[in-house]
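From first to last, the protein sequence lines stand for chains A and B.
Everything in the first sequence is counted per our numbering, starting at 1 for the first residue and increasing by one.
Everything in the second sequence is counted per our numbering, starting at 1 for the first residue and increasing by one.
Even glycine gets a Cβ: it sits at the ideal position worked out from N, Cα and C.
Just below is one structure, and these are the notes that go with it.
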Amino acid sequence: MPWLDLFLGFTLCVTAGLALIARDMFRAVIMFIVFGLLMAVAWVRLQAPDIALAEAAIGAGLTGVLLLDTLGYLRRPFGSRVDNQDDRS
Amino acid sequence: MIVRVVMAGLLSLGVTVALGWAVLDRPAPVENLPDRVASAMPESGVEHPVTAVLLNFRSYDTLLEIAVLLLAVVVALALREAQPDRPEQMGLDNPLLRAVMAWLLPLILVVAGFLLWAGSYQPGGAFQAGSVLAAAGVLLRLAGGNLGWLDNAALLRAGLALGLLTFIGIGMVVMLPGVPFLTYPDAHAGTLILVIELTLTLSIGLTLLSLFRLNPPYADDPADARTQGAPKP
């Protein structure tokens with residue numbers, strides 16, 4: 001199992017770095033969610049299933065959804081772009 | 001530019017080394033807390049040590065955590081009040097998604113109930129159950145489900161405050177025989193904890209869902225945005 005733990009730690013560092021340096025915000029959020037899920041696995045490996053549950057549900061799940069929602073909000077500001085329309089994506 | 005990069009690098013390196021040193025050089029624990037918890041378990045009313053610590057031995061911390069959550073959602077409510085109002089119309093009107101939701105929702109609710117119940121003897125508890133409950137609400141909202149009953153301000157506020165109020169209420173009722181705040185009598189500790197956890201689950205679920213639901217709406221449809229006073233260039 002030490003190989004699994006090493007791999008887990010390495011992947012955590014990589015996903016954290018990718019989330020930080022990503023230019024595309026969407027990619028950063030996805031990396032954050034992946035990081036949260038891997039972190040939950042890491043908590044299980046550290047024999048802290050309670051924290052793993054909370055991390056998976058809140059850290060990866062709800063925070064991810066909130067971030068994605070915020071991203072959508074930032075991309076299409078409320079009430080703007082109304083009069084120079086036709087750029088609906 | 002180069003100087004700044006080098007400075008930043010050195011600073012990061014310094015912090016990393018300091019952190020590593022702090023971890024390696026931490027003082028040995030003075031007291032064996034796991035043993036103390038284990039010896040106090042019979043009077044906690046639950047069988048899972050984490051729940052015992054969170055809701056009995058250290059319930060004051062949990063109480064304040066709930067208060068912080070409530071504070072956060074109150075701020076979100078206040079910020080939302082400042083935004084222009086418009087009917088809720090978020091979500092994808094997708095029949096497939098709705099059909100899947102009909103299958104998923106009962107399952108999610110059962111999982112939340114199980115996590116709440118399981119908290120007394122294995123990993124689980126109010127926070128996890130509450131967040132699963134909130135996830136169900138978020139999914140429902142994304143699928144275009146009807147969450148209009150949350151617009152009832154009195155109901156929403158009562159639901160948000162229910163957990164904290166019950167927590168404080170039970171904490172004060174147990175003071176009647178003359179013991180400190182939140183000191184549950186051993187005989188009823190299990191029941192009291194379950195009642196607190198049940199109301200906490202509902203409130204936490206509602207809080208997290210509200211945080212998601214209360215962000216200012218943006219116009220999905222430009223024709224729609226036009227109707228409600230968009231700033232003219």
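Spatial neighbours of B:GLN128 in its chain, beta-carbon cut-off 7 Å, leaving aside the 5 residues before and after: For this step, residue 128 of chain B is matched to residue 128 along the second sequence. LEU115.
Which residues in the same chain have their Cβ closer than 6 Å to the Cβ of A:GLN85, if we skip the five residues on either side of it in sequence? Taking the first sequence and counting its residues from 1, the one referred to as residue 85 of chain A is at position 85. Summary for A:GLN85: the model assigns pLDDT 43, below 50, so the residue's position carries little reliability, and this model does not support an answer.
Anything in the stretch 46-66 of chain A with a Cβ closer than 7 Å to a Cβ of chain B? List those residues in chain order, please. PRO49, ASP50, LEU53, ALA54, ALA57, ILE58, GLY61, LEU62, VAL65, LEU66
Counting pairs of beta carbons, one from the stretch 105-112 of chain B and one from the stretch 134-144 of chain B, are three or more of them closer than 8 Å? yes
Mind checking B:MET175: buried by the 16 CB within 10 Å criterion, or exposed? Taking the first residue of the second sequence as position 1, residue 175 of chain B is located at position 175. With fewer than 16 other Cβ atoms within 10 Å, it is exposed.
Rounded to the nearest angstrom, what separates A:GLY72 and B:VAL30 at their Cα positions? Taking the first sequence and counting its residues from 1, the one referred to as residue 72 of chain A is at position 72. Taking the second sequence and counting its residues from 1, the one referred to as residue 30 of chain B is at position 30. In a straight line, the C-alpha of A:GLY72 is about 50 Å away from that of B:VAL30.
Would B:ALA112 and B:LEU200 qualify as a contact pair, given that the criterion is a beta-carbon distance under 8 Å? The sequence position of residue 112 of chain B within the second sequence is 112, counting from 1. The sequence position of residue 200 of chain B within the second sequence is 200, counting from 1. Going by C-beta atoms, B:ALA112 is not nearer than 8 Å to B:LEU200.
Counting only beta-carbon separations shorter than 8 Å, does B:PRO251 have a partner in chain A? Past the edges of chain B, shown from 1 to 233, lies residue 251 of chain B, and the structure says nothing about it.
Does the beta-carbon distance from A:LEU20 to B:LEU211 come in below 8 Å? Indexing the first sequence from 1 puts residue 20 of chain A at position 20. Indexing the second sequence from 1 puts residue 211 of chain B at position 211. Going by C-beta atoms, A:LEU20 is not nearer than 8 Å to B:LEU211.
Measuring straight from C-alpha to C-alpha, what distance separates B:ALA99 and A:THR15? Against the second sequence, residue 99 of chain B aligns to sequence position 99. Against the first sequence, residue 15 of chain A aligns to sequence position 15. Their backbone Cα atoms lie some 34 Å apart in a straight line.
Please look up how many angstroms separate the CB atoms of A:ALA60 and A:ALA40, rounded, as I've assumed it's under 8 Å. The residue given as residue 60 of chain A occupies position 60 in the first sequence. The residue given as residue 40 of chain A occupies position 40 in the first sequence. About 6 Å separates the two Cβ atoms, so the contact holds.
I'd like the list of long-range same chain contacts for B:VAL132, defined as Cβ closer than 7 Å, with 5 residues on each side in sequence excluded. Stepping through the second sequence from its first residue, residue 132 of chain B is reached at position 132. So the list reads ILE108, VAL111, ALA112, LEU115, once near-sequence residues are dropped.
Thinking just about the alpha-carbon of each residue, which of B:ALA28, B:LEU198, B:ALA153 is nearest to the one in B:ALA78? Locating residue 78 of chain B in the second sequence gives position 78, where the first residue counts as 1. Ranking B:ALA28, B:LEU198, B:ALA153 by Cα distance to B:ALA78 puts B:ALA153 first.
Taking just the CA atoms, how far does B:LEU209 sit from B:ALA135? Taking the second sequence and counting its residues from 1, the one referred to as residue 135 of chain B is at position 135. Taking the second sequence and counting its residues from 1, the one referred to as residue 209 of chain B is at position 209. B:ALA135 and B:LEU209: Cα-Cα distance of roughly 7 Å.
Enumerated in chain order, which unbroken segments of the beta strand (DSSP E) with a length of 3 residues or greater are wholly contained in the stretch 159-224 of chain B? none
Closer than 7 Å by beta-carbon distance: list the chain A residues that pair up with B:PHE127, in chain order. In the second sequence, the residue the question calls residue 127 of chain B occupies position 127. Residues of chain A passing the Cβ test: ALA54.
Hey, B:LEU120 and B:THR51: beta-carbon distance below 8 Å or not? Sequence index remark: in the second sequence, residue 120 of chain B carries index 120 (1-based). Sequence index remark: in the second sequence, residue 51 of chain B carries index 51 (1-based). The residue you asked about is not Leu; residue 120 of chain B is Ser in the sequence shown. Cβ atoms of B:SER120 and B:THR51: closer than 8 Å.
Using a Cβ-Cβ cut-off of less than 9 Å, list which residues of the stretch 2-27 of chain A approach chain B; keep chain order. none
Own chain partners of B:LEU147 with C-beta closer than 6 Å, once the 5 adjacent residues on each side are dropped: Reading the second sequence from its first residue, position 147 is the one you call residue 147 of chain B. Closer than 6 Å at Cβ, skipping near neighbours: ARG141.
If you measure from the beta carbon of B:SER131 to each beta carbon in chain A, is any gap under 8 Å? What you label residue 131 of chain B is simply residue 131 of the second sequence in a count that begins at 1. It does: the Cβ of B:SER131 has a partner Cβ on chain A nearer than 8 Å.
Tell me where the alpha helix (DSSP H) around A:TYR73 begins and ends. By 1-based counting over the first sequence, the position of residue 73 of chain A is 73. Taken as a continuous stretch (DSSP letters only), the alpha helix (DSSP H) holding A:TYR73 covers 63-75.
Does any residue of chain A bring its CB to less than 8 Å from the CB of B:VAL68? Counting from one through the second sequence, the residue named residue 68 of chain B turns up at place 68. So, not an interface residue.
Please list, in chain order, all residues of the same chain as B:ASN238 whose beta carbon is under 8 Å from its beta carbon, the five residues on each side excluded. This structure cannot settle anything about residue 238 of chain B, because the visible part of chain B is limited to 1 through 233.
Pick from B:MET1, B:LEU206, B:ARG26, B:LEU198: whose alpha carbon is nearest that of B:GLY124? Here the question's residue 124 of chain B lines up with position 124 in the second sequence. It is B:LEU198.
CB contact below 8 Å: B:VAL138 versus chain A: Residue numbering aside, residue 138 of chain B sits at position 138 when the second sequence is read from its first letter. For B:VAL138, the answer is yes, since a Cβ of chain A falls inside 8 Å of its Cβ.
For B:ILE196, I'd like the list of residues in its chain whose CB is within less than 7 Å of its CB, leaving aside the five on either flank, ordered along the chain. On the second sequence, position 196 is the one that residue 196 of chain B refers to. Excluding sequence neighbours, B:ILE196 sits near LEU55, THR166, PHE167, ILE170.
Just to confirm, is the Cβ distance from B:LEU214 to B:GLY159 under 8 Å? As a first step, residue 214 of chain B is located in the second sequence; it is residue number 214 there, counting from the start. As a first step, residue 159 of chain B is located in the second sequence; it is residue number 159 there, counting from the start. In this structure, B:GLY159 does not lie closer than 8 Å to B:LEU214 by Cβ.
Would DSSP call A:ARG23 helix, strand or coil? As a first step, residue 23 of chain A must be located in the first sequence, where it is residue number 23. Correct three-state label for A:ARG23: coil.
Does any CB atom of chain A fall closer than 8 Å to the CB of B:VAL50? Looking up residue 50 of chain B in the second sequence gives position 50. It does; some Cβ of chain A falls within 8 Å.
Is there a Cβ from chain B that is less than 8 Å from the Cβ of A:ASP69? The count along the first sequence starts at 1 and reaches residue 69 of chain A at position 69. So, interface residue.
Output the distance between the C-alpha atoms of A:CYS13 and B:ASP61, rounded to the nearest integer angstrom. Walking along the first sequence from the start, residue 13 of chain A turns up at place 13. Walking along the second sequence from the start, residue 61 of chain B turns up at place 61. Their Cα atoms are separated by approximately 31 Å.
Spatially closest choice to B:LEU97 from B:TRP117, B:GLY130, B:ALA82, B:GLY144, by CA coordinates: The sequence position of residue 97 of chain B within the second sequence is 97, counting from 1. With distances taken between Cα atoms, B:LEU97 lies closest to B:GLY144.
Own chain residues within Cβ distance below 8 Å of B:THR227, not counting five before or after: In the second sequence, residue 227 of chain B corresponds to position 227, counting from 1. Legend: pLDDT at B:THR227 = 45, less than 50; position of this residue unreliable, value from coordinates given subsequently. Same-chain partners within the cutoff: there are none.
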